[in-house]
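Below is one structure, written out as structure tokens; the observations come after it.
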Amino acid sequence: SSSNPTLCWFMANLIKIHSKLRSESTNVEYVSIMKLMLKKDWEEISGVDEHYTPIRTFQVCNVMEYSQNNWLRTNWITRQSAQKIYVELKFTLRDCNSIPLVLGTCKETFNLLYLETDDDQGSHFREHQFLKIDTIAADESFTQTDLGDRILKLNTEVREVGPLSKKGFYLAFQDVGACVALVSVRVYFKKCPQTVKNLASFPDTVPMDSQSLVEVKGLCVNYSKEEEPPRMYCSTEGEWLVPIGKCLCNPGYEERISTLCRAGFYKSTHGNMECSKCPPHSFSHHEGSLHCGCEKNYFRAEGDPASMACTRPPSAPRNVISSINETSVILDWSWPEDTGGRRDITFNVLCKRCRGAAANGSTGGTLNCEPCRSNVRFLPRATGLHNTTVTVGDLLLLNI
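If you read the sequence shown in the UniProt record's numbering, its first letter stands for residue 1, the second for the next number, and so on.
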């Protein structure tokens with residue numbers, strides 16, 4: 001999911017007479033513009049732009065008379081969850097110097113106002129209830145020459161309004177003697193869109209005011225657990241900032257919104273790494289495996305990690321040679337022909353006292369053996385040998 005700021009449009013395109021009120025859930029309602037007669041009125045005009053595209057505008061051009069007070073008002077717009085709104089105006093305005101005989105009566109500004117209410121007031125209208133947002137002036141004004149050349153000098157101005165607290169509001173446009181045409185009006189608010197960051201889900205969040213960041217706590221997505229409480233901050237521009245904390249996938253899941261490991265893969269620990277392929281001579285037949293089982297006749301030693309291949313027992317040592325004197329035996333041998341895939345092979349040497357016919361060189365009879373006494377010495381030691389030779393000493397004391 002994207003973390004870019006989201007703009008939620010209340011209404012758009014005055015040029016189409018009806019403008020659209022829409023949210024990110026794609027619900028659409030129609031908002032009409034209501035013309036209210038206070039002295040001379042705004043007019044709804046059809047025309048074309050410089051590209052000959054049909055447009056509808058609201059225009060007023062009563063520049064020949066003093067004390068103009070012409071109002072245009074929207075219908076009631078629900079505030080939704082916004083506490084601060086933005087009003088974008090696109091308009092054209094005539095250069096007073098290009099109009100003859102209007103000295104002192106022509107203006108090059110108009111006023112943008114708003115009124116908050118908790119319900120729709122219908123056609124009920126009181127001018128003094130509206131609060132002024134700003135006086136709007138044009139960066140570029142057009143002349144009679146521009147009209148002849150079909151040059152549309154379109155101005156765009158954006159104003160911020162808020163904080164808002166009531167259920168809805170009206171916008172109004174007051175002409176005080178300008179030659180102006182409103183081409184489009186868009187009203188919107190900004191929000192931080194629903195997103196997933198570090199396996200934590202953060203909901204749609206609307207900034208509270210123009211000064212502070214909003215701290216938002218995230219919820220770990222399914223099949224993950226909190227390592228450190230996840231949170232982010234929603235800025236006034238509708239951007240997520242400063243991610244802190246995160247969630248980790250459960251064993252058997254990998255970080256793709258915590259997707260189960262596929263068959264043939266495994267994951268044995270918490271974390272956001274990908275699932276691993278089963279190592280050699282092991283398998284997993286089911287999704288979400290924590291480890292892979294060994295194939296037949298293959299094993300893992302105690303302490304082997306799940307990432308290690310399964311191995312076979314090694315074959316027996318080869319070429320055992322003994323050198324005997326009165327009190328000791330030196331044994332020497334070769335490594336097994338097959339190590340079974342292991343690199344940690346060690347050797348143990350056992351000493352036993354044997355009695356019976358076989359012990360005296362006979363080919364028959366029973367051989368009775370028992371462990372040697374504890375005073376027999378092994379050099380370097382009897383168990384855990386890494387080399388292939390050992391000396392067994394003090395055998396004379398065995399009285400064999």
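Every residue gets a Cβ at the ideal spot worked out from N, C-alpha and C, and that includes glycine.
Each of 280, 292, 248 and 270 was checked against the Cα of residue 262, and the nearest Cα belongs to 292. Closest in C-alpha terms to residue 274, from the list 281, 283, 252 and 286, comes 252. Rounded to whole angstroms, the separation of the alpha carbons of residue 321 and residue 341 is 26 Å.
Secondary structure at residue 96: helix, using DSSP grouped into helix, strand and coil. Here DSSP, grouped into helix, strand and coil, assigns residue 129 to helix. Within the model, the alpha-carbon separation for residue 303 versus residue 335 is close to 24 Å. Nearest Cα to residue 68 within the set 74, 108, 214 and 77: 108. Pairing residue 90 with residue 225, the inter-Cα distance amounts to about 50 Å.
Under the three-state reduction of DSSP, residue 59 is assigned to strand. Residue 339 places its beta carbon less than 7 Å from that of residue 314. In this structure, residue 247 and residue 199 form a Cβ contact; the two beta carbons are roughly 4 Å apart against a cut-off of 8 Å.
In this structure, residue 78 sits near residue 168, with a CB-CB distance shorter than 7 Å.
Excluding the 5 residues flanking it on each side, residue 176 has same chain C-beta neighbours closer than 6 Å at 68 and 107, in chain order. Annotation: residue 186 to residue 125 spans about 22 Å, alpha carbon to alpha carbon. Residue 105 and residue 60 have their alpha carbons spaced roughly 14 Å apart. When the beta-carbon positions are compared, residue 368 and residue 355 come within less than 7 Å of each other. Sequence-distant Cβ neighbours of residue 231 in its own chain, meaning closer than 7 Å and more than five residues away, are 215, 216, 217, 218, 244 and 245. By the beta-carbon neighbour count (other beta carbons within 10 angstroms, threshold 16), residue 373 is exposed. CA-CA distance, residue 241 to residue 43, rounds to 46 Å.
When secondary structure is reduced to three states using DSSP, residue 348 falls in the coil class, being assigned neither helix nor strand.
For residue 216, the enclosing beta strand (DSSP E) stretches over residues 214-217.
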